[in-house]
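Residue numbering for the sequence shown follows my numbering, beginning at 4 and increasing consecutively.
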Amino acid sequence: MTAVSSAGVRLAIGGRQVFRAGGGPHGTYTVVEIESGEFLVDEYSPGVAVTAVALSPDGEVLAVGEERGAVRLLEATTGRRLHDLGPLPASPAGLAFTPAGDALVAVATDGTIVRWDRRGRSIGEPVELGSPAGALAVAQDGQTVAVATSNGVVIVDLATGSIGPPMASPFGPVESVSFGLDGTVLAAGGSGGVLLWDVASGRPLGDPLPAPGNTAVSFDPTGRNLVTGGDDGEVVVWHADPNRWVELACDLAGRTLSRDEWRRYLGDRAYDPGCR
C-alpha cells in the first residue's frame, strides 16, 4: 500500500510478508523524498505485517497500522515515534489524514472507525459499521468518510455517526476509494472496473470505467482528474469534471444530452446541457 502527501513532497510505502536478514516475514514501511529519491525512513516491524499507511498532507507525519491492531504516528523524516494509538479491535484496513491534516481516521477490518488528533488523543466515539471493511477515504470537509465493503461503499458522517445506505458495486468487493470535486463525487476501484458515484444522491454516474483487476483509484490534488492503475501496470488519467463531460458529449454527439442521458451520466445536477 502507498500514500502520497497532498503537497506532492513525500511518498510512503507499506508492505507485508517481506523477508530480511535475521528472519521474517516482517512488515515494512518506507518514506521517500519524491524529488531527490532519498530514502528518509526504511524500517520494518519484526514478525508483524504492516496493513495500512498514511502521510499527513504536509508530509511531516507518517501513520502506520499493523495487523494486530496497533497504529502509530511517526516523524516522516526520521521515523522517530511520536504517539502510539489504539489499538484497534482488528487489523487496520485503512488509514487517512483529514485534508486539514489535524486528525487521522482509521477503519479496522471489522468495520470499526476511530479518529485521533495529531497528539494521539481520541476524537468522539467509534462508529461501528457492523460489517467487514476495507479501504477508506476522507472528503474535503474532514467529516465525511467513504468506506469500502465486500459489496460496495458506504458513506459515514463522523460528526453525527450516521451511516448512509450502501452503494452497491456490480463487480463485488471494492478495494480503493477516493473523493473528488470537493467531495461531491466518489470513485471506487475493484476487481472488475472503476465506478463513479454522485455522493449526495448515492447514484452511479454513468457506466463503470474499463479497468483491469485490483484497480486502485486516486483523484489528483485538483479533484478534477482521476488516476487509475491496475494489475496490467497501466496508469490512466480520466477527466472527472462533469462540466468537461458535457463539453466532450457535445463534441462527440454533435447535440445536447437528453434529460434521461443527463440523469444517467450526471446524476442530480441541474439540467443544463446546452452545447456552446
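Cβ coordinates follow ideal geometry from the N, Cα and C atoms, glycine included.
Owing to the predicted nature of the structure, the values given are computational and were not obtained by experimental measurement.
Nearest-angstrom Cα distance between R262 and R206?
16 Å
Leaving aside the five residues before and after A171 along the sequence, list all residues of the same chain whose C-beta is less than 7 Å from its C-beta, in chain order.
N154 and G155
Considering only the alpha carbon of each residue, which of E69, E36, T54 and A52 lies closest to D61?
E36
Looking at A149 and the ligand FMN, is the gap between the Cβ and the nearest heavy atom below 7 Å?
Because no ligand of any kind appears in the structure shown, any question about the ligand FMN cannot be addressed here.
Are the segment 212-231 and the segment 185-202 touching, with three or more C-beta to C-beta distances below 8 Å?
yes
I need the straight-line Cα distance from A24 to F42, nearest angstrom please.
Per-residue confidence for A24 stands at a pLDDT of 36, beneath the threshold of 50, marking its modelled position as unreliable; no derived number is given.
In whole angstroms, what is the alpha-carbon distance linking S3 and V157?
Any question about residue 3 goes unanswered here, given that the chain covers just 4 to 279.
Around the Cβ of G26, are there at least 16 other Cβ atoms within 10 angstroms (buried) or fewer (exposed)?
Only weak support exists for where G26 lies, its pLDDT of 39 falling under 50; the coordinates are left without a value.
DSSP three-state label for L132, please.
coil
With H, G and I counted as helix, E and B as strand and the rest as coil, what does DSSP make of F22?
Low confidence applies to F22: its pLDDT is 33, below 50, so where it sits in the model is not reliable enough to give any reading.
Output yes or no for whether 8 Å exceeds the beta carbon distance between V117 and G97.
no
Whose C-alpha, out of P213, S125 and S194, is nearest the C-alpha of G89?
S125
Look at the alpha carbon of D160 and the alpha carbon of P129, and state the distance between them as a whole number of angstroms.
12 Å
Could you tell me the distance, in whole angstroms, from the CA atom of A66 to the CA atom of E264?
43 Å
The beta strand (DSSP E) spanning T231 covers which residue range?
N228 to G232
Tell me whether D275 is buried or exposed, calling it buried when 16 or more other Cβ atoms sit within 10 Å of its Cβ.
exposed
If you follow the beta strand (DSSP E) that E69 is part of, which residue opens it and which one closes it?
V64 to E69
Does D235 pass the burial test, meaning 16 or more other C-beta atoms within 10 Å, or should it be called exposed?
exposed
C-alpha distance - D144 paired with F100, whole-angstrom precision
12 Å
Pick helix, strand or coil for E178, following the three-state DSSP scheme.
strand
DSSP has I158 in a bridge; who is on the other side?
A149
Beta-carbon gap between E178 and A214 smaller than 8 Å:
no
Between the alpha carbons of T112 and R247, how many angstroms are there, rounded?
37 Å
Distance, Cα to Cα, A162 vs R258?
44 Å
Rounded to a whole number of angstroms, what is the C-alpha to C-alpha distance between E38 and V44?
15 Å
At which residues does the beta strand (DSSP E) containing L199 begin and terminate?
V197 to D201
Could you pull the start and end residues of the beta strand (DSSP E) that V110 belongs to?
A106 to A111
I'd like to check one pair, A149 with A136: are the Cβ atoms closer than 8 Å?
no
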